[in-house]
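One structure is given below, encoded as C-alpha cells.
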Amino acid sequence: KWYLNDDREFLKFIVLRLEQDSHVWSEVKSLGERSLFYSNSFNFGLKSSVSILASDHPGLKQNSIYFMSCEYRVRCGIFSLEDGSIQYIPQNVECPCLYGVWITPSF
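So the numbering used here is basically just the index in the sequence shown, starting at one, shifted up by 409.
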C-alpha cells in the first residue's frame with residue numbers, strides 16, 4: 410500500500426503480508442536482505458512487483474522498495490523501510506511510455 414500527497418508524489422509505503430492460515434493481513438516492518446521492485450501505471454491500472462535478494466545484485470539497497478509510477482510523468486525512486494526516506498531518481502521526467510515495468514536478469 411502506498412500514500413501520495415496532493416502533487417501525486419509518494420510519501421510512504423506500507424508492506425503487508427497475507428497470513429495463509431488465518432487469512433489476516435499483517436504489516437511487514439522489514440524486508441531484511443531483500444529489495445522489492447514495484448511499478449504502477451495509473452492510466453491502465455497495471456501493477457507489478459518482484460522481490461529479489463539484494464546481495465545477489467551489487468549496488469542494490471536491501472530493505473528498500475524500488476518504485477516506478479507512470480501517470481503524467483515518470484516517478485522513480487527508492488523507499489527505505491529502515492528510516493522511511495525516499496530518494497527520487499530521476500526528477501520530473503516526462504513520461505514517454507504508457508506504462509513501466511521492471512525487468513530482472515536471469516543470469
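Ideal Cβ placement from N, Cα and C applies to all residues, glycine included.
Bear in mind that the values here come from a model prediction, so they are computed numbers and not experimental data.
- DSSP places S448 in the strand class (E or B) of the three-state scheme.
- If the five residues before and after L425 are omitted, its C-beta is found closer than 8 angstroms to the C-beta atoms of K410, W434, S435, E436 and V437, all from its own chain and listed in chain order.
- Less than 8 angstroms divides the Cβ of Q471 from the Cβ of E442.
- Under DSSP, I495 takes part in a beta bridge, and its partners are F488.
- Annotation: the continuous beta strand (DSSP E) that includes E428 extends over V424 to E428.
- DSSP lists no beta-bridge partner residue for K438.
- The secondary-structure analysis by DSSP pairs L462 across a beta bridge with R443.
- The residues N472, in chain order, have a CB closer than 7 angstroms to that of E491 in the same chain once the five nearest residues on each side in sequence are set aside.
- Rounded to the nearest angstrom, the Cβ distance from I487 to F422 is 11 angstroms, too far for a contact under 8 angstroms.
- The shortest CA-to-CA distance from C485 to any of N449, H432, H466 and P467 is the one to N449.
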